[in-house]
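Below is one structure, written out as structure tokens; comments come after it.
Chains as they are written, first to last, in the numbering used here: chain H, 1 to 313; chain L, 314 to 607; chain Y, 608 to 842.
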């Protein structure tokens, strides 16, 4: 049934697809939207493991880094088509998650968090050591640099992850993941394979982080190889997800929109002040409103829509 | 490679390691007693570093003397942070407590780091005193005084902290609370105040470490994560519960880093600690932090 | 006089106490009896401020203790030896005892009470520098009671002091509790599943079932009550 909500979403998608062709679809706006899509995709990918299963991964940036590194070298150095390079980038990130997942997912709670933090730091240092700390500026690619394909690629990556998140949130597997989050013992007693569900979420989460990284490599052509491995990517993803609403599909998207907006509005005179605002918001939400913005919207919605008039269910 | 070079490098490692030990002491005592993990511990070290940097630059205060301001200052900041933030987390059961403290520390990291960038710029700052380059030389081995003082101060702190925890009423109350807060409450100990004092103590220790970090190297807004990670590695190495053990583990980490730098080149010195950390975690995924403080 | 009036307590959605009332007169021993899960431990925990009642009042010598933090209740002269004994395994016997004197009311008497505790338990004097975690169950019981005495309490609450101990040690423990009451004027509330031994020293008893008091009376009356004989004494 086509209700107002599905309609609005469809309209938004059409608008986003058509945007580059419209007169006001200028380069600045597209650039802003690309960084929004990438941040939203990265946050949504974190949310699969951190939100649905409840394992806090503080080394998520490493998968973003792997995706960008692999995509970039296949695309620029080996001359692959960007789509092929991107897919391989995501797959490599997923394979790394599969390998480290077995030992990492044995860690519980905080140990998982600090373990992944250390793992990502080890990867960042290794990449920084092994690969020269110079950034090759790819001349030919820059000369023909066209923003439109970057825009569409980031949009597709975001659409993919949102699609998978929606599917997960409604499927049996997603239900199993959320059972693990609420109470591992209880989930086990219901016949949920805790390890398998955690592992699947971890691999999916890494795969999409890899895709987001690949989209970033395509968008941002020149940077140090280990830049994308930095902890800042993890930090942004975690904070955006929590502020928007951890464990929900819409949360990371809302959080990312808010984050990019505030960053852009404030960037003109106060560089990085948005991080302070977001830091405070983040803490306030952890302490006072664990559901984030989504929770807030729901509460308002319940107040605005009279009982019984809800379109859900 | 001459024998002098090897001894010199390992000695430097041990001296740097005493800073790791000091950085870890505060984190360890807070983790052990409150069962919360403050990932903004490195940012408190950073604040301590800036405290002594500005005391030196604006007031002309000797960095060692600046401890008289920095340590109480960080103690107060610790009181405020616990009172305003972490005390709200302590109410939760163990798993939620630790998870929420982690997230709050995470947000705090972001705030303090950005704030420091705004107030102090992203430049690396260091303190250059008249004795900054002074060194003893024994059998061809250089012993820079400023670095050596880190080891001495570390040992003094270990002895003082151990005395405090073993001999004073408050120290015993802290150890009792670390072991079992319910029973401690039943023994008439004010748990909330014990938590508050312990957290502030951890912050004060971070401030002390921050001064030494700045005096021996430099401080900039983004050093926090690196120091939190170092402190975490040391805590995992040492386990909870022993003050001298934690300090010693720090020194060992410093030596291990230097040894690996000798073997594989300087680029890999940072990696060795993380590898040790990951190995220990994978061998003992649970129950790493058992025990109380002594 | 220690008074609990109409105490209601819930764990989240689950209500476990339904209007419990009881009185412990100065200088007497009162037993709170009941089977596992009846709500005995919850009653004591609530009395010590470790749980918040949804309704009801707790007072000790006309001082309202409801909703007061635990350490202040301890400082007002009430002390609980919990079911889990509550000895700090990583601390030495001496440190455990010294911590008992943590409440401000007890600190000035620390050395004197310590002497007294060592008189009562010469074994603890021998083992004072040993870690409490290395002691036997009976010795840990001594540490727990010794630490309670260090706090100079006016009233002692004991949660299942017989739990997990050999019969002889249980007997000694109850003899000691009786002596502390009769000779030193200590008021005692003892919670037990072992009805026989608890009524052996008590003046008065309450029966708790499913979170409510279902019977009370003097020791003699309770022992004569046929229902209690059937339910708890196996006669």
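From the three backbone atoms N, C-alpha and C, an ideal C-beta is built for every residue, glycine too.
The beta carbon of residue 705 (chain Y) falls within 8 Å of a beta carbon belonging to chain L, placing the residue at that interface.
Taking 8 Å as the CB threshold, residue 400 (chain L) stays off the interface with chain Y. Take the alpha-carbon of residue 326 (chain L) and the one of residue 564 (chain L): they are about 7 Å apart. Each residue's CA atom was taken as its position, placing residue 520 (chain L) and residue 816 (chain Y) some 56 Å apart. Judged by their CB atoms, residue 165 (chain H) and residue 43 (chain H) are not nearer to each other than the 8 Å cut-off.
DSSP places residue 825 (chain Y) within a strand segment (E or B) once states are collapsed to three. Using beta-carbon distances, residue 242 (chain H) counts as an interface residue toward chain L, with a partner under 8 Å. Interface criterion met: the Cβ of residue 503 (chain L) is under 8 Å from a Cβ in chain Y.
Within chain L, no C-beta atom comes nearer than 9 Å to that of residue 254 (chain H); the closest sits roughly 18 Å away.
Residue contact check for residue 795 (chain Y) against chain L: no CB pair falls below 8 Å. Checking the DSSP bridge columns, you'll see residue 816 (chain Y) partnered with Y:819.
A Cβ-Cβ distance of about 5 Å is found for the pair residue 516 (chain L) and residue 387 (chain L), placing them in contact under the 8 Å criterion. Here the C-alpha atom of residue 118 (chain H) lies approximately 23 Å from the C-alpha atom of residue 246 (chain H). Under the Cβ criterion of 8 Å, residue 657 (chain Y) is counted among the residues facing chain L. Just measuring C-alpha positions, the residue of Y:690, Y:770, Y:794 and Y:659 sitting nearest residue 675 (chain Y) is Y:659.
Approximately 5 Å separates the beta-carbon atoms of residue 53 (chain H) and residue 198 (chain H); this is inside 8 Å, confirming the contact.
Annotation: Cβ neighbours of residue 486 (chain L) in chain Y (cutoff 8 Å, chain order): 706 and 709. Among the CB atoms of chain H, none fall inside 8 Å of the CB of residue 351 (chain L). Classified as exposed, residue 84 (chain H) has fewer than 16 neighbouring CB atoms from the shown chains inside 10 Å of its CB. For residue 686 (chain Y), the enclosing beta strand (DSSP E) starts and ends at 685-688.
Between residue 813 (chain Y) and residue 685 (chain Y), the C-beta spacing is not below 8 Å. With three or more CB-CB distances shorter than 8 Å, the region 617-633 of chain Y counts as touching the region 643-659 of chain Y. In terms of CA proximity to residue 14 (chain H), H:156 leads the group H:182, H:200 and H:156.
By the rule that beta-carbons nearer than 8 Å mark a contact, residue 209 (chain H) does not touch chain L. Sequence-distant Cβ neighbours of residue 636 (chain Y) in its own chain, meaning closer than 6 Å and more than five residues away, are 788, 795, 808, 809 and 810. Residues of the region 679-705 of chain Y with a C-beta less than 9 Å from any C-beta of chain L: 679, 680, 681, 682, 686, 687, 688, 689, 691, 692, 693, 694, 695, 696, 697, 698, 702, 703 and 705, listed in chain order. Going by DSSP, residue 678 (chain Y) is part of the alpha helix (DSSP H) stretching over 677-682. For residue 632 (chain Y), the closest C-alpha among the options Y:668, Y:721, Y:621 and Y:800 is that of Y:668.
In the three-state reduction of the DSSP assignment, residue 762 (chain Y) falls in the strand class.
For the alpha helix (DSSP H) assignment, the uninterrupted runs of no fewer than 4 residues enclosed by the region 790-814 of chain Y are, from N- to C-terminal side, 802-808.
Between residue 24 (chain H) and residue 213 (chain H), the alpha-carbon positions lie close to 28 Å from each other. By the rule that beta-carbons nearer than 8 Å mark a contact, residue 47 (chain H) does not touch chain L. Residue 609 (chain Y) is bridged by DSSP to Y:631 and Y:667.
Residue 688 (chain Y) places its beta carbon less than 8 Å from that of residue 766 (chain Y). In the three-state DSSP reduction, residue 492 (chain L) falls in the helix class (H, G or I). A Cβ-Cβ distance of about 28 Å is found for the pair residue 475 (chain L) and residue 585 (chain L), leaving them out of contact under the 8 Å criterion.
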